[in-house]
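Visitor: Sharing a structure, written as structure tokens. Questions coming.
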């Protein structure tokens with residue numbers, strides 16, 4: 020399979036075969052019945068969820084489209100899709116969710132897809148390009164907002180492109196979600212809000228209770244997102260009555276890590292990767308990107 024059981028896509032990416040369709044003469048063509056509309060977000064993914072916005076998607080590789088009928092436990096996330104190269108690799112994979120990071124472009128005021136604060140390798144997509152191609156892909160789209168001050172532009176662009184709400188997840192820090200959550204919910208009532216912890220340390224019952232209170236305040240579909248090695252059993256039990264529990268991070272054995280998390284009650288998106296490691300090549304790339312960032316800032 021082109022993805023780990025934990026849900027994160029791993030290289031090398033193997034393209035899916037493209038089905039061929041033989042032309043049918045007009046006389047022999049039959050009218051196919053209209054597909055049944057999705058019934059909305061699975062109740063296990065939602066806190067007081069309302070019916071999802073319906074939308075028909077374009078033709079996509081079999082098994083990679085996402086609708087509100089599917090629980091987040093079936094999500095297979097392509098964790099990095101910020102550049103044209105990463106996005107194409109994800110299109111050729113078995114991912115049914117694409118994750119992108121949003122920051123202000125280094126030498127302009129428009130948002131672009133970039134994980135690091137500085138320059139990084141590849142041809143970074145603009146937010147508009149990413150959303151437009153993501154909409155056409157039929158996948159679920161998770162936006163990780165790295166800089167909260169980009170939210171006005173992000174919300175306007177989401178409305179302009181017309182992303183189906185049942186395929187949209189917005190991931191913000193706890194404080195940014197408190198600030199922007201009400202407007203997100205007003206403009207996108209059926210988007211999934213990814214609620215992050217109010218702490219960078221171990222997430223215990225008290226931290227989880229604050230996250231649940233915020234989900235109740237905002238209403239609608241929500242998932243509680245915690246780094247897998249910071250998640251306690253008491254937090255899981257606090258989350259479960261209010262929404263799904265999703266995890267991310269790295270592990271030496273991501274498959275076993277994912278299995279263990281499922282046994283503990285994690286029922287949302289499991290996005291665990293293998294260890295990246297370091298090399299002299301990585302360090303050389305870091306120096307090169309640092310120089311590019313400085314040049315971009317000047318020009």
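Residue numbers (the numbering used here): 20 to 318.
Ideal Cβ placement from N, Cα and C applies to all residues, glycine included.
Report the start-end ranges of each alpha helix (DSSP H) in the segment 211-269 that is 4 residues or longer and not cut off at the edges.
Guide: Runs found: 224-237 and 252-258.
Visitor: Which one or two residues does DSSP pair with residue 191 in a beta bridge?
Guide: According to DSSP, which records beta bridges pairwise, residue 191 is partnered with 214.
Visitor: In the DSSP assignment, what are the bridge partners of residue 283?
Guide: In DSSP, residue 283 forms no bridge with anything.
Visitor: In the segment 72-125, which residue ranges form an unbroken alpha helix (DSSP H) of at least 4 residues, counting only runs that do not cross its ends?
Guide: Entirely contained in the segment 72-125, the alpha helix (DSSP H) runs reaching 4 residues are, in chain order, 103-110.
Visitor: Please identify the residue among 186, 270 and 206 whose C-alpha is closest to the C-alpha of residue 174.
Guide: Nearest of 186, 270 and 206 to residue 174, Cα basis: 206.
Visitor: Assuming residue 132 is part of the beta strand (DSSP E), what are its boundary residues?
Guide: Note, residue 132: beta strand (DSSP E), 130-132.
Visitor: Out of 110, 250, 143 and 185, which one is the CA nearest neighbour of residue 331?
Guide: Since the first residue shown for the chain is 20 and the last is 318, residue 331 is missing from the structure and cannot be characterised.
Visitor: For residue 165, count neighbouring C-beta atoms within 10 Å of its own C-beta (all shown protein chains included) and say buried if the count is 16 or more, exposed if not.
Guide: Buried, because 16 or more other Cβ atoms sit within 10 Å of the Cβ of residue 165.
Visitor: For residue 265, which of 281, 117 and 82 has the nearest alpha-carbon?
Guide: Among 281, 117 and 82, the Cα nearest to that of residue 265 is on 281.
Visitor: Per DSSP, what kind of secondary structure is residue 175 in: helix, strand or coil?
Guide: Of the three classes helix, strand and coil, the one that applies to residue 175 here is helix, per DSSP.
Visitor: Expressed to the nearest angstrom, what Euclidean distance is found between the alpha-carbon atoms of residue 219 and residue 102?
Guide: Cα to Cα, the separation comes out at about 28 angstroms.
Visitor: Could you say which of 183, 213 and 186 lies nearest to residue 196 if we only look at CA atoms?
Guide: Considering only alpha carbons, the answer is 213.
Visitor: Starting from the C-beta of residue 191, find all residues in its chain whose C-beta is less than 6 angstroms away, skip the five residues before and the five after it, and write them out in chain order.
Guide: Closer than 6 angstroms at the Cβ level, and outside the excluded window around residue 191, lie 164.
Visitor: Can you find the residues in the same chain that come closer than 6 angstroms, C-beta to C-beta, to residue 100, ignoring five residues on each side of it along the sequence?
Guide: Only 106, 109, 117 and 119 meet the Cβ criterion.
Visitor: Measuring straight from C-alpha to C-alpha, what distance separates residue 199 and residue 113?
Guide: Cα to Cα, the separation comes out at about 32 angstroms.
Visitor: According to DSSP, which residues form a beta bridge with residue 137?
Guide: DSSP, once it has assigned bridges, lists no residue as partnering residue 137.
Visitor: Buried or exposed: where does residue 240 fall if 16 or more other Cβ atoms within 10 Å of its Cβ makes it buried?
Guide: Buried, since its Cβ has 16 or more Cβ neighbours within 10 Å.
Visitor: For residue 146, does the three-state DSSP call read helix, strand or coil?
Guide: Helix.
Visitor: Note down, in chain order, each residue of its chain lying with its Cβ closer than 7 angstroms to the Cβ of residue 222, except the 5 sequence neighbours on either side.
Guide: Cβ within range, chain order: 216, 245, 249, 250, 251 and 254.
Visitor: Quick one: what's got a C-beta closer than 7 angstroms to residue 228's C-beta in the same chain, skipping five residues either side?
Guide: Cβ neighbours of residue 228 beyond the five flanking positions: 257.
Visitor: Work out the CA separation of residue 231 and residue 286 for me, nearest whole Å.
Guide: Whole-angstrom Cα-Cα distance: 16 angstroms.
Visitor: Can you tell me whether residue 136 is buried or exposed? The criterion is at least 16 other CB atoms within 10 Å of its CB, across all chains shown.
Guide: With fewer than 16 Cβ atoms within 10 Å of its Cβ, residue 136 is classed as exposed.
Visitor: Any heavy atom of the ligand HEM closer than 7 angstroms to the Cβ of residue 121?
Guide: By its list of ligands, the structure shown contains no ligand whatsoever, and the ligand HEM lies outside what it can speak to.
Visitor: Tell me the DSSP bridge mates of residue 159?
Guide: Answer is 116.
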